[in-house]
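A.B. asks:
There are 2 protein chains.
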Amino acid sequence: MDNRGNILDVALHMFSDKGYDAVSVQEIVESAGITKPTLYYYFGSKYGLLEAILEDGFSKLDQMIGSYIDEDSNDVREQLFKVAKAFLTFAVEESRFFSFMLSLMYSAKGGEPYKAVKPHLHKLYQAIIDMFERSSSQLGNMNGRQEQFAMGYLGFLNQYVFTFSERNFFRDNDLREHINDDDVRSLIQQFMYGIVS
Amino acid sequence: MDNRGNILDVALHMFSDKGYDAVSVQEIVESAGITKPTLYYYFGSKYGLLEAILEDGFSKLDQMIGSYIDEDSNDVREQLFKVAKAFLTFAVEESRFFSFMLSLMYSAKGGEPYKAVKPHLHKLYQAIIDMFERSSSQLGNMNGRQEQFAMGYLGFLNQYVFTFSERNFFRDNDLREHINDDDVRSLIQQFMYGIVS
DNA sequence: TTTTCATTATACCGATTGGTATAATTAATG
DNA sequence: CATTAATTATACCAATCGGTATAATGAAAA
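So the sequences go chain by chain: C and H.
Letter by letter, the first sequence follows residues 30 to 226 of this note's numbering.
Letter by letter, the second sequence follows residues 30 to 226 of this note's numbering.
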């Protein structure tokens, strides 16, 4: 099996379970069935391993969103729907990475883990901001509140995923495996109600 | 000055800034201008210090919510308004603790920091669940979804605070100091729209 | 077969981790 | 003044931290 990929998998699993700082390099290499120099050969440092995990996960997320987003259409509701669909699908398919991403998003701003996600989050925000920008004709004058909308929208989706996964966590189930289109549309409706008023 | 209180202040400041695991006991006592045995005299362990911080902060939050909540009234909108007002006021007055609480809420479920907040969060959820329970006559049959509502509502409020503090973070401002009642009512309206439909 | 180069195992490093034993200090009480 | 009990400073501990020097391995190319 591919060592590099295996290390990434194992480390993501442990980071999302116990947190980046609480997991030692020693634990990782033992779980992965390798030794320390192998890990340092591939990633250079523990922080480098974290960066590689984020690079990997966010590129999948970008790809997922990119495959859904349509540059031609500028219908707000349809755009929001596609982003939500992509986002929620990703949250189900890569649930481990998603919950890890969430924990980093809310982690201490002065810490190393946050420093590592920050550029990825900014890039993600920017993509959503651009989408709102394109749809500005339908939303009226946003007075530079696109950024606030983007953060609100992503937070809204995150909250949805978190609530459901948390509820299932207490009940020892997995995340629902299928994203229902009607549920997503109802979600969009709820979010837009807060905007258009 | 009171040593115990000073340690709590300094530790909360550092934990919220860099994260629990990333802050060493040594750093804390140096910042607080004391020595290690003093800290261990009061709190027994680093984890004990964390527990004391949470005990302190959550008791303030409970008190804040308790002072707003009205057991007699069972009007949903009014109850939700009071909880929101209390919550947001607390987020402004104890912004440091609030952001630290948020980071713990989303932190790794298998980690020690989460283990420490878990009971406090459950208690908080329970208070909100009870509120929905009392208001069930107005919301129709909730089919045991009170728990989901409670989580959704708290997450909704958290997201609101997070979005604003994050936006201000990028702009190097403080959180707005005054909670506007109209903003809160509009927030409730937005949340309820998602429920009653 | 020999050379080459990516990959891995053994063993180690200084620094820091959370935590503590012990005695000195301080303030209040008898 | 003597005694007690809370509080603090000095100095230390084993264990673990992230990271590395060095040489052995493996397979592929010459």
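Positions of the beta carbon are idealized from the N, C-alpha and C atoms, including for glycine.
#1: Report yes if the CB atom of C/Gln-4 is closer than 7 Å to the CB atom of C/Met-160, and no otherwise.
#2: Of the choices H/Ser-194, H/Pro-66, H/Gln-188, whose alpha-carbon is the least far from that of H/Ala-113?
#3: In whole angstroms, what is the alpha-carbon distance linking C/Ser-165 and C/Asp-104?
#4: Taking the alpha carbon of C/Arg-174 as the reference point, which residue from C/Leu-79, C/Leu-186, C/Gln-155, C/Ser-124 has its own alpha carbon closest?
#5: Thinking C-alpha only, which one of H/Asn-209, H/Val-54, H/Tyr-143 is nearest H/Ser-74?
#6: Under a Cβ-count criterion, where at least 16 other Cβ atoms within 10 Å of its own Cβ denotes burial, should C/Gln-142 be classed as buried or exposed?
#7: Could you pull out every residue in the same chain whose Cβ sits closer than 7 Å to the Cβ of H/Asp-101, ignoring the five residues on either side in sequence?
#8: Helix, strand or coil for C/Phe-65? Go by DSSP, reduced to three states.
#9: Can you find the residues in the same chain that come closer than 7 Å, C-beta to C-beta, to H/Glu-56, ignoring five residues on each side of it along the sequence?
#10: Does DSSP put H/His-149 in a helix, a strand or coil?
#11: Pull up the distance between the alpha-carbon of H/Asn-35 and that of H/Val-146, whole angstroms please.
#12: Excluding the five sequence neighbours on either side, which residues of its own chain have a C-beta within less than 6 Å of the C-beta of C/Ala-120, listed in chain order?
#13: Can you find a C-beta in chain H that's less than 7 Å from the C-beta of C/Gln-228?
#14: Nearest by alpha-carbon distance to H/Leu-90: which of H/His-149, H/Thr-64, H/Thr-67 is it?
#15: Closer than 7 Å, CB to CB, is H/Met-130 near chain C or not?
#16: Please state the DSSP three-state secondary structure of H/Lys-75.
#17: Hey, how far is the Cα of H/Ile-63 from the Cα of H/Glu-123?
#18: When you compare each of C/Tyr-71, C/Gln-92, C/Asp-85 to C/Thr-118 by their alpha carbons, which one comes out closest?
#19: Would you mind sorting H/Tyr-70 into buried or exposed? The rule is 16 or more other CB atoms within 10 Å of its CB.
#20: Below 8 Å on the Cβ atoms is my contact criterion, and I expect H/Phe-72 with H/Leu-78 to pass it. Report the Cβ-Cβ distance as a whole number of Å.
#21: Report the neighbours of H/Glu-46 on chain C: residues whose CB is nearer than 9 Å to its CB, in chain order.
#22: Does the separation of the CB atoms of H/Lys-47 and C/Gly-140 fall below 7 Å?
#23: Can you pull out the residues from the segment 85-99 of chain H whose beta carbon lies closer than 8 Å to at least one beta carbon of chain C?
#24: Could you give the residue range of the alpha helix (DSSP H) that holds C/Arg-106?
#25: List the residues of chain C that H/Asp-159 touches, going by C-beta distances under 8 Å, in chain order.
#26: So, does the CB of C/Ala-179 fall closer than 7 Å to a CB anywhere in chain H?
#27: Quick one: is H/Lys-111 buried, meaning 16 or more other Cβ sit within 10 Å of its Cβ, or exposed?
#28: Throw me the rounded Cβ distance for the H/Ser-136 and C/Ser-132 pair, which I believe falls under 8 Å.
#29: Tell me whether C/Glu-176 is buried or exposed, calling it buried when 16 or more other Cβ atoms sit within 10 Å of its Cβ.
#30: Any idea what DSSP makes of H/Lys-138, helix, strand or coil?
#31: Would you say C/Thr-118 faces chain H, with C-beta separation under 7 Å as the test?
#32: List, in order along the chain, the chain H residues whose C-beta lies closer than 7 Å to that of C/Gln-188?
#33: Would you kindly report the start and end of the unbroken alpha helix (DSSP H) that includes C/Ile-36?
#34: State the Cα-Cα distance for the pair C/Leu-68 and C/Arg-33, rounded to the nearest angstrom.
#35: Have a look at H/Met-221, H/Leu-37, H/Leu-41 and flag the residue whose alpha-carbon is nearest the alpha-carbon of H/Met-130.
C.D. replies: Short version:
#1: Outside the shown range of chain C, which is 30 to 226, sits residue 4 of chain C, and nothing can be said about it.
#2: H/Gln-188
#3: 10 Å
#4: C/Gln-155
#5: H/Val-54
#6: Residue identity differs from the one stated: residue 142 of chain C is Pro in this sequence, not Gln. Per the 10 Å Cβ criterion, buried.
#7: none
#8: Per the sequence shown, residue 65 of chain C should be read as Lys rather than Phe. Helix.
#9: Met-43
#10: helix
#11: Straight through space, the alpha carbons of H/Val-146 and H/Asn-35 are spaced by roughly 21 Å.
#12: Around C/Ala-120: Phe-127, Val-190.
#13: Because chain C is modelled from 30 through 226, residue 228 of chain C falls outside the range shown and cannot be assessed.
#14: H/His-149
#15: no
#16: helix
#17: 25 Å
#18: C/Gln-92
#19: Exposed, since its Cβ has fewer than 16 Cβ neighbours within 10 Å.
#20: 4 Å
#21: Here residue 46 of chain H turns out to be Asp, not Glu, going by the sequence shown. Under a criterion of Cβ atoms nearer than 9 Å, the residues of chain C adjacent to H/Asp-46 are, in order, Ala-137, Lys-138, Gly-139, Gly-140.
#22: Yes, the Cβ-Cβ distance between H/Lys-47 and C/Gly-140 is below 7 Å.
#23: none
#24: Residues 105-122.
#25: Under the 8 Å cutoff, chain C gives no residues; its nearest Cβ is about 17 Å from H/Asp-159.
#26: no
#27: Taking all protein chains in view, the Cβ of H/Lys-111 is crowded by 16 or more other Cβ atoms within 10 Å, so the residue is classified as buried.
#28: 5 Å
#29: buried
#30: Coil, per DSSP.
#31: It does not; no Cβ of chain H falls within 7 Å.
#32: Within 7 Å Cβ-Cβ: Gly-184, Phe-185, Gln-188.
#33: For C/Ile-36, the uninterrupted alpha helix (DSSP H) segment begins and ends at 32-47.
#34: 8 Å
#35: Cα-wise, what sits closest to H/Met-130 is H/Leu-41.
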